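Q:
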Amino acid sequence: MAEPRTLREGLVVSSHGRHSVIETTDGSRHICHPRGKKNQTVVGDRVQWQLPPAGQGEEGSIEKLLPRRNLFYRQDEVRTKSFAANIDQVLILIAAEPVFSESQLARALIAAEAAHIKPLIALNKSDLSQAFAQAWQRLGPYREMCLDQSTEAHYEVLPLSLTRDGEADKALLMQHLKGKATLVLGPSGSGKSTLINLLIPGAAAATGEISQALNSGKHTTTTTSWYWVGEERQTALIDSPGFQEFGLRHLQPADLARCMPDIGAHAQDCKFYNCTHLHEPGCAVMPHVAVEGLDAQHTISAHRYRIYGELFDELSQSPRY
Ligand SMILES: Nc1nc2c(ncn2[C@@H]2O[C@H](COP(=O)(O)OP(=O)(O)O)[C@@H](O)[C@H]2O)c(=O)[nH]1
Ligand SMILES: [Mg+2]
Ligand SMILES: [Zn+2]
Numbered sequence: 049m050a051e052p053r054t055l056r057e058g059l060v061v062s063s064h065g066r067h068s069v070i071e072t073t074d075g076s077r078h079i080c081h082p083r084g085k086k087n088q089t090v091v092g093d094r095v096q097w098q099l100p101p102a103g104q105g106e107e108g109s110i111e112k113l114l115p116r117r118n119l120f121y122r123q124d125e126v127r128t129k130s131f132a133a134n135i136d137q138v139l140i141l142i143a144a145e146p147v148f149s150e151s152q153l154a155r156a157l158i159a160a161e162a163a164h165i166k167p168l169i170a171l172n173k174s175d176l177s178q179a180f181a182q183a184w185q186r187l188g189p190y191r192e193m194c195l196d197q198s199t200e201a202h203y204e205v206l207p208l209s210l211t212r213d214g215e216a217d218k219a220l221l222m223q224h225l226k227g228k229a230t231l232v233l234g235p236s237g238s239g240k241s242t243l244i245n246l247l248i249p250g251a252a253a254a255t256g257e258i259s260q261a262l263n264s265g266k267h268t269t270t271t272t273s274w275y276w277v278g279e280e281r282q283t284a285l286i287d288s289p290g291f292q293e294f295g296l297r298h299l300q301p302a303d304l305a306r307c308m309p310d311i312g313a314h315a316q317d318c319k320f321y322n323c324t325h326l327h328e329p330g331c332a333v334m335p336h337v338a339v340e341g342l343d344a345q346h347t348i349s350a351h352r353y354r355i356y357g358e359l360f361d362e363l364s365q366s367p368r369y
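So for the sequence shown, my numbering puts the first residue at 49; every next one is plus one.
#1: Would you identify the three-state DSSP class for residue 57, choosing helix, strand or coil?
#2: Buried or exposed: where does residue 321 fall if 16 or more other Cβ atoms within 10 Å of its Cβ makes it buried?
#3: Could you check the C-alpha separation between residue 274 and residue 332 for me, to the nearest Å?
#4: Would you kindly work out how many angstroms separate the C-alpha atoms of residue 202 and residue 72, rounded to a whole number?
#5: In chain order, what residues of the same chain lie with their CB nearer than 6 Å to the CB of residue 229, ignoring the 5 residues before and after it?
#6: Could you name each continuous beta strand (DSSP E) segment of 3 residues or more that falls completely within the segment 136-165, going from the start of the chain to the end?
#7: Find out if the Cβ-Cβ distance for the pair residue 80, residue 67 is shorter than 8 Å.
#8: Whose CA, out of 59, 88, 89 and 194, lies closest to the CA of residue 76?
#9: Could you check whether the Cβ of residue 90 sits closer than 7 Å to any heavy atom belonging to ligand 3?
#10: Can you list, in chain order, the residues of its chain with a C-beta nearer than 7 Å to that of residue 306? Leave out the 5 residues immediately preceding and following it.
#11: Does DSSP put residue 67 in a helix, a strand or coil?
#12: Take residue 151 and list the residues in its own chain whose beta-carbon comes closer than 6 Å to its own, dropping the five residues that flank it on each side.
#13: With distances taken from each beta carbon to the nearest heavy atom of ligand 3, which residues come in below 5 Å, in chain order?
#14: Between which residues of its own chain and residue 99 is the CB-CB distance below 7 Å, once the five residues before and five after are set aside?
#15: Is the beta carbon of residue 347 closer than 8 Å to that of residue 336?
#16: Tell me the start and end of each unbroken beta strand (DSSP E) in the segment 178-216 that is at least 3 residues and wholly inside, in chain order.
#17: Is it the case that the Cβ atoms of residue 208 and residue 174 are separated by a distance below 8 Å?
#18: Could you tell me the alpha carbon to alpha carbon distance between residue 118 and residue 304, rounded to whole angstroms?
#19: From the DSSP output, which residues share a beta bridge with residue 82?
#20: Enumerate in chain order the residues of its own chain whose CB-to-CB distance from residue 349 is below 7 Å, with the five nearest sequence positions on each side excluded.
#21: In terms of alpha-carbon separation, which member of 232, 227, 222 and 172 lies closest to residue 212?
#22: Can you tell me which of the three DSSP states residue 360 falls into?
#23: Just list the residues that DSSP pairs residue 170 with in beta bridges.
#24: Pull up the distance between the alpha-carbon of residue 271 and that of residue 246, whole angstroms please.
#25: Could you tell me the boundaries of the alpha helix (DSSP H) in which residue 241 lies?
#26: Mind pulling the beta strand (DSSP E) runs of 3 or more residues that sit fully within the segment 302-329?
#27: Between the beta-carbon of residue 291 and the beta-carbon of residue 233, is there less than 8 Å?
#28: Is residue 240 close to ligand 4? I mean its beta-carbon at under 7 Å from any heavy atom of the ligand.
As structure tokens, this is what we get:
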């Protein structure tokens, strides 16, 4: 009789359709397949898995998905796409160039709020001074926005120049990343690979090999990967593609105000409990929308309010499934 095989605990460090790569507590990595037909695991998941019986190849099997602390995802018309589970924060990396989409930024922040995950914004390429000044100004409403009325906490926006001030920025970033698992999101060209390479020299190449083997040579940024910063394996970065089509179909229109702190701050004072903040009499949000700059009374930027309206329409129309 074969020996009973032991269940081991592991961390999903990348996920590739039919397979996941599982890391054990000693740091070794194993390709595993799920018991069922569909691979339900995402990067950051903790699982129980076991090695194959002797003589049955190398691939282990995932036996059980352990409970998740959180799950960060986007959802478009065709599919649900999870980014990662059990993360501590989301770092949204945008840059002076290419010009970032405020709508995508707002969507990522809403998704983070909805999942109760702390967002952190970084604006890269401060060496491109003119473009940077413009982008910094566009981020004004985000730097001003009060996230928590009781503590007056704001979104943090870090200015960076990863190619010019690499070492200084590394130190600044580490203050925010140390001991946490951070999902890095951002549009193409913002400097995500530069950041990963700066903090984890050589990691991208190493992960690239296993990704290439499992994805038959597809470019590595098509999958989400977990990287440890340093030997102690306490600080992690999760690199993920998919910022461009950031669907929020998993949310109801009525969830939006709660996930947009500048709008949500006034929503409880509306005359109607189900106010959409788009046209109702007695709406407490609309008087705070700024026509020009922000001031003490006008705390919601016209752009943010327009994005709210667009998202409200989009989520109202979506056929739910
Ligand atoms: N001027 C400038 N260029 C940068 C900076 N950081 C990254 N880049 C460049 O921006 C381009 C895109 O960077 P990359 O890391 O590949 O972006 P990704 O698409 O987000 O992974 C590369 O040519 C980088 O060298 C920066 O701080 N300043
Ligand atoms: Mg890249
Ligand atoms: Zn209202």
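Where is the CB? At the ideal position from N, CA and C, for every residue including glycine. In this text, all values refer to a predicted model and were calculated from it rather than measured experimentally.
A: On the basis of the supplied data:
#1: Strand, per DSSP.
#2: exposed
#3: 43 Å
#4: Each residue's alpha carbon lies about 37 Å from the other.
#5: Hits under 6 Å: 135, 136 and 284.
#6: 137-143
#7: Their beta carbons are under 8 Å apart, which means residue 80 touches residue 67 by this criterion.
#8: Here the closest residue by C-alpha is 59.
#9: no
#10: 312
#11: Strand.
#12: 355
#13: 318, 323, 325, 331 and 333
#14: 53 and 108
#15: yes
#16: As far as the segment 178-216 is concerned, its whole beta strand (DSSP E) runs of at least 3 residues are 194-196 and 205-207.
#17: yes
#18: 19 Å
#19: 110
#20: 189, 338 and 342
#21: 172
#22: helix
#23: 141 and 206
#24: 20 Å
#25: 240-247
#26: none
#27: yes
#28: The model on display carries ligand 1, ligand 2 and ligand 3 but not ligand 4.
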